[in-house]
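In the working numbering, the protein residues as written are 89 to 494.
Quick reminder that beta carbons are idealized off the backbone N, C-alpha and C, glycines included.
Remember, predicted model here, so these are calculated numbers, not experimental data.
Structure, rendered in structure tokens:
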């Protein structure tokens, strides 16, 4: 055993001698090796030699640093591995939450080549995405916009960014807060098209800050979100009846409708009963009640009619509907990353309206309310056929219509 140790010692000394003679090794490294080798013998180990050269404190520091370097060479430091695992878990959880927030996506392979559609509020938000999705499915889309210039800019953007067909995007002026504008829009559409396959009543305003009346004498939010769409729908029913597969009417409502207190004209038109959220909720409840009453009327007048009408909640969307208050100016900008995470995108918000407009799964379904592409709970008033019928009759009167005019 002693001879073996002595042999190893002499081999070690020969290796050290070769290193000390190698001029490619920096001088200060050779000096350090020489100092260590002078301490070595067949009785003194390398570790003891290091301790003698550096002293106890420096040796301990060197040893700890050497262990750290070895861990780095191995690939992962335990703390780094731990933090990486935690980070990965957090990412997976956040990704799952984000996918849940995005909601159901309409992935049904549907070609609607030759179909004609109208989308109100088509120049931004959900309406813009609906135009995109329909156009890429070969639908001819009439973009009913309050601002023609903005609508045209949107059409150009959809063409340049997504390859939409400009010849199948027709921008027309339609201000839902002005009945005369609606009549003119319908007149031009009737002149140009023999039928209508899809009507998506999407336009609207949210949380308008003060009580304001339109040129027709109605509260602004009530007319923009409901009465205007009611009039558009009534005037276009004959064209919807001419659709071979049955015209589809989609009212874009909101889950906020569940908190509405009334749709009585004396309430919705009263300055004293005005409230930013309450007024919006009433208009969205009316959107849902509208499809219930309309379905009953259509089926009563013609049991063989294929026209259907459904409403939907698009989800909590980061939309341009909120354009008139403090939220948009300050809070929305300050909390943009958080808002992006907790709200749907415009494209996500377009999925349920798109489902109601195109899906073969709901052929013949009418008078229902959907959220995330499935039927959802409605306000008790929307389940009351008499209340829905009263709203319908009141709306005919508010729009200046009677049965002979339809």
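How would you label residue i, buried or exposed, when you count the other beta carbons within 10 angstroms and need 16 or more for buried?
i, result
"residue 89", "Per-residue confidence for residue 89 stands at a pLDDT of 46, beneath the threshold of 50, marking its modelled position as unreliable; the derived number appears in the next sentence. Classification of residue 89: exposed, given that the 10 Å Cβ count is below 16."
"residue 294", "buried"
"residue 296", "buried"
"residue 254", "exposed"
"residue 226", "exposed"
"residue 380", "buried"
"residue 217", "buried"
"residue 289", "buried"
"residue 392", "exposed"
"residue 263", "buried"
"residue 388", "exposed"
Can you look up residue i in the DSSP assignment and give me helix, strand or coil?
i, result
"residue 226", "coil"
"residue 211", "coil"
"residue 319", "helix"
"residue 354", "helix"
"residue 345", "helix"
"residue 236", "helix"
"residue 459", "strand"
"residue 196", "coil"
"residue 292", "coil"
"residue 471", "helix"
"residue 476", "helix"
Answer yes or no: the CB of residue i versus the heavy atoms of the ligand MG, is any distance below 7 Å?
i, result
"residue 300", "Only the bare structure without any ligand can be found here, which leaves the ligand MG out of the picture."
Pull up the distance between the alpha-carbon of residue i and that of residue j, whole angstroms please.
i, j, result
"residue 153", "residue 434", "In this predicted model, residue 153 has a pLDDT of only 49, less than 50, meaning its place in the structure is not dependable enough to derive any value."
"residue 467", "residue 350", "11 Å"
"residue 469", "residue 322", "22 Å"
"residue 245", "residue 261", "18 Å"
"residue 343", "residue 401", "6 Å"
"residue 453", "residue 481", "23 Å"
"residue 490", "residue 251", "43 Å"
"residue 298", "residue 201", "44 Å"
"residue 449", "residue 386", "21 Å"
"residue 483", "residue 368", "17 Å"
"residue 209", "residue 361", "27 Å"
"residue 192", "residue 461", "6 Å"
"residue 241", "residue 269", "21 Å"
For residue i, which of the options has the nearest alpha-carbon?
i, options, result
"residue 455", "443, 398, 323", "398"
"residue 436", "394, 388, 220", "220"
"residue 232", "206, 361, 477, 242", "206"
"residue 440", "448, 340, 471", "340"
"residue 394", "444, 378, 328, 462", "328"
"residue 283", "312, 325, 300", "325"
"residue 363", "377, 313, 348", "348"
Taking a contact to mean a Cβ-Cβ separation below 8 Å, would you say residue i touches residue j in this structure?
i, j, result
"residue 354", "residue 307", "no"
"residue 497", "residue 390", "The requested residue 497 does not occur in the structure, where the chain is confined to residues 89 to 494."
"residue 371", "residue 310", "yes"
"residue 318", "residue 476", "no"
"residue 236", "residue 257", "no"
"residue 320", "residue 274", "yes"
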